[in-house]
Amino acid sequence: MQGLTVGEIASRSGVAVSAIHFYERKGLIASHRTEGNQRRFDRAVLRRIALIKVAQQLGVPLAEVAEQLSVLPKDRAPNHRDWQKIATRWSQQLNHRIHMLEALRDSLDGCIGCGCLSMTRCTVINPGDCLAGEGQGAVALTEMAVEED
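Going by UniProt numbering, the first residue of the sequence shown is number 1, and it counts up by one from there.
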């Protein structure tokens with residue numbers, strides 16, 4: 001089993017060699033060693049990297065990508081059914097992310113569009129950090145997105 005070199009994977013995937021090594025350290029992809037102790041990758045790694053790249057473009061954290069990739073088999077190239085498992089598992093999370101992004105877009109559009117940046121109506125502004133006890137992050141925006149679900 002010869003496989004592809006890290007340079008070949010980089011060239012075919014459009015990802016820097018350093019990123020490939022990073023993905024490997026994070027457990028997103030795996031390699032094996034030849035008898036001469038050279039690192040080689042199975043061609044199936046290209047599919048994993050493609051998924052990683054798309055996820056990154058969409059702002060999905062690598063930890064979430066790793067969680068999804070963990071259901072894929074380690075001993076063979078993933079088949080259609082394997083990829084379907086990921087699609088099913090990820091669908092709900094992606095729909096929630098889309099909903100949150102839409103809520104953010106709609107909220108910012110109202111404030112920026114009218115130019116008022118209203119301290120009484122804006123769900124993004126938190127004067128005096130009055131929402132600190134309600135949780136982490138953009139609490140008002142998160143609550144607004146949940147109410148719309």
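All C-beta atoms in this analysis are idealised placements derived from N, C-alpha and C, irrespective of residue type, glycine included. As the structure is a computational prediction, the values presented were derived from the model and not from experiment.
Starting from Phe41, follow its DSSP beta bridges and name the residues at the other end.
-> Bridge partners of Phe41: Leu4.
Nearest to Gln68 by CA position, among Ala77, Ala30, Ala87, is which residue?
-> Selected option, being the one with the closest Cα: Ala87.
Counting pairs of beta carbons, one from the stretch 53–72 and one from the stretch 89–108, are three or more of them closer than 8 Å?
-> A contact exists between the stretch 53–72 and the stretch 89–108.
Which residues share a DSSP beta bridge with His32?
-> In DSSP, His32 forms a bridge with Arg40.
Taking Arg40 as the reference, which of Gly133, Ala50, Ala10 has the closest Cα?
-> For the residues Gly133, Ala50, Ala10, the minimum Cα distance to Arg40 belongs to Ala10.
Consider the C-beta atom of Arg76 and the heavy atoms of the ligand GDP; say whether any pair is separated by less than 7 Å.
-> Ligands displayed in this structure: none; no statement on the ligand GDP is therefore possible.
How big is the Cα-Cα spacing for residue 175 and Thr34?
-> Nothing can be reported for residue 175, as the shown portion of the chain is limited to 1 through 149.
Start and end residues, alpha helix (DSSP H) containing Ser70 = Per DSSP, Ser70 belongs to no alpha helix (DSSP H) and is neither H nor E.
What separation, rounded to the nearest whole angstrom, lies between the Cα atoms of Gly7 and Val17?
-> Distance between the alpha carbons of Gly7 and Val17 is about 7 Å.
Answer yes or no: do Val15 and Ile49 have a C-beta to C-beta separation smaller than 8 Å?
-> In this structure, Val15 places its C-beta atom within 8 Å of the C-beta atom of Ile49.
Rounded straight-line distance, which links the Cα of Trp83 to that of Arg89 | Spanning the two alpha carbons is a distance of roughly 10 Å.
Select from Gln56, Ala19, Ser13, Thr5 the residue whose C-alpha is nearest the C-alpha of Ser31.
-> It is Thr5.
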